[in-house]
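Novice: Before I ask anything, here is the structure I am working with.
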Amino acid sequence: MNRYLAQTDVELITSLREDDSQAFAEIYQRYWQKLLAIAYHHSKDKIIAEEIVQEVFIGLWNRRNELHIDKLSAYLATAVKLSVFKQYVRQKRRNQIKEETADPLLTSWDEEKIYSRFLQQHINGIVDVLPEKCRLVFRLSREEGLSIPEVAQRMGIAEKTAEAHLTKALKVLKLRLNRPYLWVLILAYILLS
């Protein structure tokens, strides 16, 4: 008999933190159907619901050593709902970009302008998920053109702190923009426009 079947969620989380893949498998077996139902209820799309549940479980495994979960079922349900919301926001942004590019004035843009607009939308999406102060420092510095001392003064923080937030934002952007699939998306977007 599988010893994990009799374990409580708390025991499974403890085992999961110790890199126990069997505990993870038991958590998956215990919750995947419920999470799929939640994801489908909110997304109304079976494929998207399956992808969301898969992403939630991948995230659980990848962050197993960092997580402090009191109630596993509530944590997983919240993670699914949050992922559905993120999917909704991404889809809304895609639709907005499609509508904007369907405008006759925009369809006359050359490829560089389309690429630039797509890249700016992608950067905005990355900046939107940065921590609040990091996002604010980035926007004040890059969008409003303020210097580090001006940013620090406006936010009421030390210059070193403002500099650290900006450095963090730029690192995140560099990492996210340096992904090979991004260039495939951009090329596909340009070709399909």
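Count along the sequence shown from 1, add 1472, and you get the number used in my numbering.
C-beta: ideal position from N, C-alpha, C; glycine also.
Note that the structure is predicted; figures quoted are calculated from it, not measured.
So, for G1628: in the same chain, excluding its five sequence neighbours on each side, which residues have a beta-carbon less than 7 angstroms away from its beta-carbon?
Specialist: To locate residue 1628, count along the sequence shown from 1; it is residue 156. Answer for G1628: no residue qualifies.
Novice: Going by other Cβ atoms of all chains shown within 10 Å of its Cβ, with 16 needed for buried, is I1519 buried or exposed?
Specialist: Along the sequence shown, read from residue 1 onward, the residue named residue 1519 stands at position 47. Exposed, by the Cβ-count rule.
Novice: What is the rounded straight-line gap between the Cα of L1645 and the Cα of A1634?
Specialist: Counted from its first residue, the sequence shown places residue 1645 at position 173. Counted from its first residue, the sequence shown places residue 1634 at position 162. Distance between the alpha carbons of L1645 and A1634 is about 17 angstroms.
Novice: Looking at the structure shown, is Y1508 part of a helix, part of a strand, or coil, going by DSSP?
Specialist: Locating residue 1508 in the sequence shown gives position 36, counting from the first residue. This sequence places Leu at residue 1508; Tyr is not what is there. Three-state result, L1508: helix.
Novice: What separation, rounded to the nearest whole angstrom, lies between the Cα atoms of R1589 and L1544?
Specialist: Position 117 of the sequence shown, counted from the first residue, corresponds to residue 1589. Position 72 of the sequence shown, counted from the first residue, corresponds to residue 1544. If I take the Cα positions, the gap works out to 41 angstroms.
Novice: To the nearest angstrom, how far is the alpha carbon of V1623 from that of R1611?
Specialist: Numbered from its first residue, the sequence shown carries residue 1623 at position 151. Numbered from its first residue, the sequence shown carries residue 1611 at position 139. For V1623 and R1611, the distance between alpha carbons rounds to 10 angstroms.
Novice: On the premise that S1613 lies in contact with L1638, defined as a C-beta separation below 8 angstroms, what is that separation, rounded to the nearest angstrom?
Specialist: Start at 1 with the first residue of the sequence shown, and residue 1638 comes out as number 166. Start at 1 with the first residue of the sequence shown, and residue 1613 comes out as number 141. That pair is a contact at about 5 angstroms.
Novice: Cα separation between I1530 and L1484?
Specialist: On the sequence shown, position 58 is the one that residue 1530 refers to. On the sequence shown, position 12 is the one that residue 1484 refers to. Their Cα atoms are separated by approximately 16 angstroms.
Novice: Quick one: what does DSSP say I1629 is sitting in, helix, strand or coil?
Specialist: Numbered from its first residue, the sequence shown carries residue 1629 at position 157. I1629: coil per DSSP, three-state reduction.
Novice: T1480 lies in the alpha helix (DSSP H); which residues open and close that run?
Specialist: As a first step, residue 1480 must be located in the sequence shown, where it is residue number 8. T1480 -> no alpha helix (DSSP H), and no H or E assigned at all.
Novice: Could you spell out the range, first to last residue, of the alpha helix (DSSP H) harbouring E1604?
Specialist: The count along the sequence shown starts at 1 and reaches residue 1604 at position 132. Counting along the chain, the alpha helix (DSSP H) containing E1604 begins and ends at 1604-1610.
Novice: Would a C-beta distance cut-off of 8 angstroms place A1497 and V1552 closer than the cut-off?
Specialist: Numbered from its first residue, the sequence shown carries residue 1497 at position 25. Numbered from its first residue, the sequence shown carries residue 1552 at position 80. Contact: no.
Novice: Going along the chain, which residues of its own chain have a beta-carbon closer than 8 angstroms to the beta-carbon of S1555, five neighbours each way excluded?
Specialist: On the sequence shown, residue 1555 is found 83 positions in, with the first residue counted as 1. For S1555, where only same-chain residues beyond five positions count, the Cβ hits under 8 angstroms are A1511, I1524, E1527, V1528.
Novice: From E1631 to Q1625, what does the alpha carbon distance come to, in whole angstroms?
Specialist: Counting from one through the sequence shown, the residue named residue 1631 turns up at place 159. Counting from one through the sequence shown, the residue named residue 1625 turns up at place 153. Cα-Cα distance, rounded: 8 angstroms.
Novice: Quick one: grab the DSSP three-state call for H1697.
Specialist: Lying outside 1473 to 1665, the shown extent of the chain, residue 1697 is not represented and no answer is given.
Novice: Just how far apart, CA to CA, sit I1499 and K1643?
Specialist: Taking the first residue of the sequence shown as 1, we reach residue 1499 at position 27. Taking the first residue of the sequence shown as 1, we reach residue 1643 at position 171. Each residue's alpha carbon lies about 34 angstroms from the other.
Novice: Taking the alpha helix (DSSP H) that N1534 belongs to, which residues open and close that run?
Specialist: Locating residue 1534 in the sequence shown gives position 62, where the first residue counts as 1. It spans 1518-1534 - the alpha helix (DSSP H) in which N1534 sits, taken as one unbroken run.
Novice: Taking 6 angstroms as the limit between beta carbons, can you name the residues of its chain near H1514, skipping five residues before and five after?
Specialist: Position 42 of the sequence shown, counting from 1, holds the residue named residue 1514. So the qualifying residues of the chain are V1556.
Novice: So the candidates are L1507, L1508, D1481, Q1505; which of them puts its Cα closest to the Cα of A1495?
Specialist: As a working mapping, residue 1495 is identified with position 23 in the sequence shown. Out of L1507, L1508, D1481, Q1505, D1481 has the C-alpha closest to the C-alpha of A1495.
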